[in-house]
Amino acid sequence: MTRKRREMAALSDEDMRFLNDIDLEVLVIRDASRVIREALVPDKLDIKVEIGCGGIAKLQIFIVTPQFEGLPLLQRHKLVQAAVRTIPAYERRVHAITITKALTPAQYEETQKAA
Numbered sequence: 006m007t008r009k010r011r012e013m014a015a016l017s018d019e020d021m022r023f024l025n026d027i028d029l030e031v032l033v034i035r036d037a038s039r040v041i042r043e044a045l046v047p048d049k050l051d052i053k054v055e056i057g058c059g060g061i062a063k064l065q066i067f068i069v070t071p072q073f074e075g076l077p078l079l080q081r082h083k084l085v086q087a088a089v090r091t092i093p094a095y096e097r098r099v100h101a102i103t104i105t106k107a108l109t110p111a112q113y114e115e116t117q118k119a120a
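Residue numbers (the working numbering): 6 to 120.
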């Protein structure tokens with residue numbers, strides 16, 4: 006038995022659940038980041054994940070991309086949601102998507118100047 010396996014065997018069920026949630030978070034962030042980057046080519050992308058009961062994720066997404074130029078907020082959100090829905094096994098992995106900000110580069114620069 007390897008050292009890592011011995012350490013894993015010594016963990017309680019609660020510890021294993023915690024580790025599994027971290028693994029799930031990493032996988033969901035990786036997959037969400039990949040599909041959003043492919044679809045929207047963002048200048049800035051920040052994804053936060055909360056894993057709930059049953060290992061289903063709630064995503065919080067902050068995105069800045071030139072593809073939002075001239076689009077109303079609702080259309081921007083629809084583009085992000087459409088990209089996230091292409092995550093493999095989306096229905097079993099993602100429960101909710103919250104888009105905290107969906108900005109153009111110019112809008113993002115304005116918010117940085119104001120801060």
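Every residue gets a Cβ at the ideal spot worked out from N, C-alpha and C, and that includes glycine.
Apart from the 5 residues on each side of it in sequence, Ile41 sits with its Cβ closer than 8 Å to the Cβ of Pro47, Leu50, Ile52, Ile66, Ile68, Val85, Ala88, Val89 in its chain, given in chain order.
Residues of the same chain with a CB within less than 8 Å of the CB of Pro93, apart from the 5 flanking positions on each side, are Asp36 in chain order.
At a Cβ-Cβ threshold of 8 Å, Pro110 and Pro71 count as neighbours.
Distance check between Ala107 and each of Arg98, Gln80, Glu55 places Gln80 closest, using alpha-carbon atoms only.
Between Ala62 and Arg98 a beta carbon distance of about 6 Å is seen, short of the 8 Å cut, so the two are scored as contacting. Taking C-beta separations shorter than 6 Å and ignoring five residues to either side along the sequence, the partners of Glu55 in its chain run Lys63, following chain order. When rounded, the separation of the alpha-carbon atoms in Glu115 and Thr103 is 22 Å. One alpha carbon belongs to Tyr113, the other to Ala119, and they sit about 10 Å apart.
The beta carbon of Ala44 lies closer than 7 Å to those of Ala88 in the same chain, with the five residues before and after it left out. Comparing alpha carbon positions, the residue from Glu96, Tyr95, His82 closest to Thr105 is His82. A Cβ-Cβ distance of about 5 Å is found for the pair Leu29 and Gly60, placing them in contact under the 8 Å criterion. The three-state reading of DSSP puts Leu78 in helix, counting H, G and I together.
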